[in-house]
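Student: Take this structure, written in structure tokens, and hold onto it; I'll ask about it next.
Protein chains: 2
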Amino acid sequence: MGRKIVVIGGVAGGASAAARLRRWNEEDEIILFERGEHVSFANCGLPYYIGGTIQAREKLFVQTPQGIRERFNIDVRVLNEVVQIDREHKLVRFRDMTTGETGEQPYDIVVLSPGAKPMIPDIPGLHEAANVFTLRNIHDTDVIKTYVDESQPKHATVIGAGFIGLEMADNLRERGLAVTLVDMGQQVLNPLDPEMAKLVEQHMKLNGVEIRLEEGVAAFEGQGTRLRLTSGDMLQTDMVILAIGVVPENELAKQSGLELGFRGAIQVNAQLQTSDPAIYAVGDAIQVKDRNHGFATMVPLAWGANRQGRLAADHINGQAISYDGALGTSVIKVFALTAASTGNNEKTLSRLGVPYKAIHIHPGSHAGYYPGASPIAIKLLFNPETGVIYGAQTVGADGADKRIDVIATAIRGNMNVRDLADLELAYAPPYSSAKDPVNMAGYVASNIMDGLVQTLQWHEVDDFHRNGGVIIDVRDKVELQAGAIPGSIHIPLAELRDRMSEIPLDREIAVSCQVGLRGYLAARILTQHGYSVRNVDGGYKTYSVMAAERAHLLK
Amino acid sequence: MGRKIVVIGGVAGGASAAARLRRWNEEDEIILFERGEHVSFANCGLPYYIGGTIQAREKLFVQTPQGIRERFNIDVRVLNEVVQIDREHKLVRFRDMTTGETGEQPYDIVVLSPGAKPMIPDIPGLHEAANVFTLRNIHDTDVIKTYVDESQPKHATVIGAGFIGLEMADNLRERGLAVTLVDMGQQVLNPLDPEMAKLVEQHMKLNGVEIRLEEGVAAFEGQGTRLRLTSGDMLQTDMVILAIGVVPENELAKQSGLELGFRGAIQVNAQLQTSDPAIYAVGDAIQVKDRNHGFATMVPLAWGANRQGRLAADHINGQAISYDGALGTSVIKVFALTAASTGNNEKTLSRLGVPYKAIHIHPGSHAGYYPGASPIAIKLLFNPETGVIYGAQTVGADGADKRIDVIATAIRGNMNVRDLADLELAYAPPYSSAKDPVNMAGYVASNIMDGLVQTLQWHEVDDFHRNGGVIIDVRDKVELQAGAIPGSIHIPLAELRDRMSEIPLDREIAVSCQVGLRGYLAARILTQHGYSVRNVDGGYKTYSVMAAERAHLLK
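If you read the protein sequences in the order shown, they are chains A and B.
Using our numbering, you'd call the opening residue of the first sequence number 89 and step up by one each time.
Using our numbering, you'd call the opening residue of the second sequence number 89 and step up by one each time.
Next comes the structure, spelled out in structure tokens:
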């Protein structure tokens, strides 16, 4: 005889679990409760429907309740909210949101997939504001789109520079609105480190988004048409998107006495069981562990929800599974730019106090002699003793997603930075170079491990110079027009061997070029001649990204 | 004191070796001999310069002799051919091809990077033909481009359907020529299996290339303007590109008594040393072993040449290296299509007699609801007992290269098909789906390993039916308009549970849908009701690719 399996939440994690449960077993009675009107919709597509890139609303529905019933023989109950899990009697109590009627549904197993909801800050005037929106589901989407279509707002304020904030800023610009992005933090897109996020910020500014960092909203005035910012500035606006983050939808779990963890997320074991083994939990609402270092975190992204839903179904059907943590691999399109990351960033590694090295490179997306190549900024973080790869970040117009996927795969395979050099990747001029950018990252990191070169990071350069270090710029003369590190001495690489006498042997030396390649060569030459030398990692290109920032700090 | 290191051949492998040698050591005397006029040119770009995609000839020169001299302090001698390696006296004898003078250069170590040259078949009339070209270097490129520019040929015949043949066919069409592609084999692009290559063939035909397979040239008549084909047909043509394959440039190695192996390729150990440990060999001319199964082969592709050049330099400088074989990862752009592969194809596995399973899937390049998604045909080959990944092939308009790179990385990391399901890849709607195509491949393969489903391959379907098997087509009615497997019975998936009585329990059953997903679900339903059932792998989409072929065979 089949079991009674109740799935609570019908989007990514819940829908995946339900479908997989059925594929395992035709006998089980599977009941799917969804509080909203829709199941299995395209969360990640919502900003693009508002922006008009996705034109047909029906495209947002990956599956319909009817489709799931027919295909999977699942009892789908939309607009039905589970209000209580009675663990003692093994039944859930639900409320039909249309009729208001309540009912009980016995269960053998529950899969809980409640998701996460937008964080709502406590700001004066927020509740009186009529034009403040959050974006989580189809209903929210319809409300925002209708407002844009009908009220024809001219200016939008997006509060929060995370994934949803940036995608909304992009899509509202697409609709012709002026957009101001406000965030309390020092950078956009927290999964990236500041010098990588700065590239995204610059690109957004190029596309007309006004960006105000280290700035919050102190009060909503005039029904939300005037925002008093924490700096004291006033901002006139026609609409506000509130996207400062999400919190786990944990009420049901909490009320049912399930253990909660990191920021209220639901605790699960490696089999995705909550503190009650008859209740599984998956998706945005659960606590996961960082794959590299094991600390507790939340990764409210679609990949994990889908994966966990499937794994929970596998375990319910007797499979030995182990969900062993998240890398938090992510990617976002911001206008014409792609920003992607996997694993730990430098901020996290620094906070954890683990030994790490960072490298920055700027290879082309494909062979430079084939049209259309564009640079990808790549940052790789690794353990300099073991070569273990901790994480990577890429920003570029093309091919940034591919390189993060390859590195995410390498991390999953417990490969180290030397292995990156050895990856036999597909090369033809339209796709890559004979040394793929990932190979290059592996080479650069290996050189550090092998002691062939020491590096100076972008944020160390100014101090290095202040403390008496000599910086040699080995680029060609014409390249200096684009700017140079203040105080650097110019000796082109081709002249370096002949002009070595100009370089003092008793000083600390740093060499710098445009992206780090020639600097490496210069460092090798000088090292072999007895100099103590470091190569400016990522070259002038990485250094200069934050130059404006430094100038700002000096004011 | 430095050593004398002679590098023979200044393109991919030789140039990489020389540059890395210098980075290791400023003291070594490095002499680079190159028979041609150019070093370090963009081999892989040559067809695109002829086709006009690459417009500036100087883009083909990644480095100049002068640039290498200045940057790397390497004694570059172009137009100088090494004619003998005197191993006893440890010197090479060379001839200056401009002056005709000869000389000697002592060495401690040699790095041999002679490359491979186009295979020239022995066909009557070939030597009298004035319009037959091969493509290896800048000179060949200039000759072909000048001929196309000045003689304005209307029709070109490309002999050989490998990488260079297909790229030349594409680029000559780009120039407005009518193109006929002739190949003795049964398919284009041998790294792919026939049902995958057929997709490329169809796309080339759509782009106006006439393709004649199982056809060779028996004789060149009229100075090469009339080709008598092996079928007896005559072909009028204005020019011929001969691209039937390459052979290792092994004369110098042979003459020097170095051991040769597979098809005359130079034998090297895992440290890339020839049978004389003072002589290394790298690049297209060497024998490599297949990474999965260890058999001897040649992989004349740029990635390996660059990698080997660097590794040889590392070993010369005391590093412990091991070049442990090639996957032969490759990618080609053919008009708007990308075809890529890594590892072993089914033809190879079948020949080796190793146990394997193949799966075919057709996921979208990214989320279907976001504009611009296109299907990628993916074939994955693996060991059904261990899950070891043997190889993969992808064909699609977008994202085919990314998925092969991910799978090539997984193979290098000794990951298995279950690990593919667990890869945490970057997802946002413009880039992928919440289950990436590679995840999907992992899921489908895992399901086979777990015994959840058995499959029927495209080439087994007709026999299955002939031998009394019942084929159930579970697609929706409207989909049948595009064609169906002959003899199949139509029961839409949504009706399957209710109409099961129509399906005989005592017969072998196969289910089929469009791409294999609904078929899998149908197979799960029927299996759990006691049927012996197999899912047509890749669905009607994979089956129908070769349908025209089957019709042809039945004539």
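Beta carbons are placed, not taken as given, at the ideal position from N, Cα and C, and that holds for glycine.
Given the structure is predicted, the values throughout are model-derived calculations rather than measurements.
Using the beta-carbon of each residue, which ones in chain A are nearer than 8 Å to Cys-132(B)?
Tutor: Those are Ala-455, Tyr-515, Ala-516, Pro-517, Ala-522, listed as they occur along chain A.
Student: Among the residues of its own chain, which have a CB less than 6 Å from the CB of Pro-336(A), if the five just before and after it don't count?
Tutor: Answer for Pro-336(A): Ala-204, Gly-352, Ala-353, Ala-373, listed in chain order.
Student: Thinking C-alpha only, which one of Leu-508(B), Gln-545(B), Met-537(B), Ser-534(B) is nearest Asn-527(B)?
Tutor: Out of Leu-508(B), Gln-545(B), Met-537(B), Ser-534(B), Leu-508(B) has the C-alpha closest to the C-alpha of Asn-527(B).
Student: I want to check one thing, is the minimum distance from the CB of Ile-499(A) to the heavy atoms of the ligand GTP below 6 Å?
Tutor: With respect to small molecules bound, the structure shown includes none, and the ligand GTP cannot be examined in it.
Student: Under a CB-based cut-off of 7 Å, is Arg-91(A) close to chain B?
Tutor: So no, Arg-91(A) is outside the interface.
Student: Using a Cβ-Cβ distance under 7 Å, would Asn-648(A) count as near chain B?
Tutor: Look at the range of chain A in this structure, 89 to 643, and you will see that residue 648(A) is not part of it.
Student: Starting from Gln-324(A), follow its DSSP beta bridges and name the residues at the other end.
Tutor: For Gln-324(A), which the question treats as bridged, DSSP gives the partners Arg-314(A).
Student: Straight-line CA distance for Gly-213(A) to Val-220(A)?
Tutor: Their backbone Cα atoms lie some 11 Å apart in a straight line.
Student: Compute the Euclidean distance between the alpha carbons of Arg-159(B) and Ala-428(A), then round it to the nearest angstrom.
Tutor: Each residue's Cα considered, the two are about 34 Å apart.
Student: If you count every other CB in all the chains shown that lies within 10 Å of the CB of Arg-563(B), and 16 or more means buried, which is it?
Tutor: Burial call: buried.
Student: Does the CB of Lys-616(B) have a neighbour CB from chain A at under 7 Å?
Tutor: Note that residue 616(B) corresponds to Gln in the displayed sequence, not to Lys. Yes, because at least one Cβ of chain A sits closer than 7 Å to the Cβ of Gln-616(B).
Student: From the beta carbon of Asn-259(A), is the nearest beta carbon of chain B less than 7 Å away?
Tutor: So, not an interface residue.
Student: With 9 Å as the C-beta to C-beta threshold (strictly closer), list the residues of the region 596-614 of chain A near chain B in chain order.
Tutor: Answer set for the region 596-614 of chain A: Arg-606, Tyr-608, Leu-609, Arg-612, Ile-613.
Student: Whole angstroms are fine: how far does the CA of Gly-487(B) sit from the CA of Leu-593(B)?
Tutor: Going from the Cα of Leu-593(B) to the Cα of Gly-487(B) covers about 42 Å.
Student: Whole-angstrom Cβ separation of Gln-542(B) and Arg-622(B), contact assumed at under 8 Å?
Tutor: Sure, about 5 Å apart at Cβ, within 8 Å.
Student: When we look at the beta-carbon of Lys-242(A) and count the other beta-carbons within 10 Å, is it buried (16 or more) or exposed?
Tutor: Counting Cβ neighbours within 10 Å, Lys-242(A) comes out exposed, since fewer than 16 surround it.
Student: Determine the chain B residues that contact Leu-511(A) at a beta-carbon separation under 7 Å, and present them in chain order.
Tutor: What Leu-511(A) touches in chain B: Ala-496, Thr-497, Arg-500.
Student: Using a 10 Å radius around the Cβ and a threshold of 16 neighbouring Cβ atoms, would you call Gly-124(B) buried or exposed?
Tutor: So Gly-124(B) ends up on the buried side.
Student: Which residue spans inside the region 247-305 of chain A form an unbroken beta strand (DSSP E) run of at least 3?
Tutor: Whole beta strand (DSSP E) segments, 3+ residues: 266-270, 297-300.
Student: Here's the rule I'm using: 16 or more other beta-carbon atoms within 10 Å means buried, otherwise exposed. How should Ile-252(A) be labelled?
Tutor: Ile-252(A) is buried by the Cβ-count criterion.
Student: Could you pull out every residue in the same chain whose Cβ sits closer than 7 Å to the Cβ of Leu-301(B), ignoring the five residues on either side in sequence?
Tutor: Cβ within range, chain order: Asp-271, Gly-273, Gln-274, Gln-275.
Student: Between which two residues does the alpha helix (DSSP H) harbouring Gly-155(A) extend?
Tutor: Looking at the DSSP string, the run of the alpha helix (DSSP H) that includes Gly-155(A) is 153-160.
Student: Is Phe-221(A) helix, strand or coil when you go by DSSP?
Tutor: The answer is strand: DSSP assigns Phe-221(A) an E or B state.
Student: Could you pull out every residue in the same chain whose Cβ sits closer than 6 Å to the Cβ of Glu-189(A), ignoring the five residues on either side in sequence?
Tutor: Cβ within range, chain order: n/a, list empty.
Student: Starting from Arg-111(B), trace the alpha helix (DSSP H) in both directions and tell me its first and last residue.
Tutor: Segment 100-112, the alpha helix (DSSP H) holding Arg-111(B).
Student: Contact check, His-448(B) vs Ala-465(B) under 8 Å by CB: the rounded distance?
Tutor: Confirmed, about 7 Å.
Student: So Gly-101(B) packs on Ser-239(B), CB below 8 Å; how close in whole Å?
Tutor: 35 Å between Cβ atoms; not a contact.
Student: Given Gly-416(B), which residues of its chain have a CB within under 6 Å of its CB, disregarding the five upstream and five downstream residues?
Tutor: Answer for Gly-416(B): Val-387, listed in chain order.
Student: Could you name each continuous beta strand (DSSP E) segment of 3 residues or more that falls completely within the region 191-235 of chain B, going from the start of the chain to the end?
Tutor: Fully enclosed beta strand (DSSP E) runs of 3 or longer: 197-200, 204-206.
Student: Please report the distance separating the alpha-carbon of Phe-149(A) from that of His-126(A).
Tutor: Approximately 8 Å between the Cα atoms of the pair.
Student: Distance, Cα to Cα, Ala-103(B) vs Asn-405(B)?
Tutor: Approximately 16 Å between the Cα atoms of the pair.
Student: Write down the C-beta distance between Ala-130(A) and Ala-455(B) rounded to the nearest angstrom, noting that I regard them as a contact closer than 8 Å.
Tutor: Between Ala-455(B) and Ala-130(A) the Cβ distance is about 7 Å, and since that is below 8 Å, they are a contact.
Student: Given Ile-96(A), which residues of its chain have a CB within under 6 Å of its CB, disregarding the five upstream and five downstream residues?
Tutor: Only Phe-121, Val-170, Leu-200 meet the Cβ criterion.
Student: In the region 532-580 of chain B, which residue ranges form an unbroken alpha helix (DSSP H) of at least 4 residues, counting only runs that do not cross its ends?
Tutor: Correct list: 549-554.
Student: Hey, which unbroken runs of the alpha helix (DSSP H) at 4 residues or more fall wholly within the region 478-507 of chain A?
Tutor: 488-500, all fully within the region 478-507 of chain A.
Student: Can you look up Leu-609(A) in the DSSP assignment and give me helix, strand or coil?
Tutor: In this structure, Leu-609(A) counts as helix in the three-state DSSP scheme.
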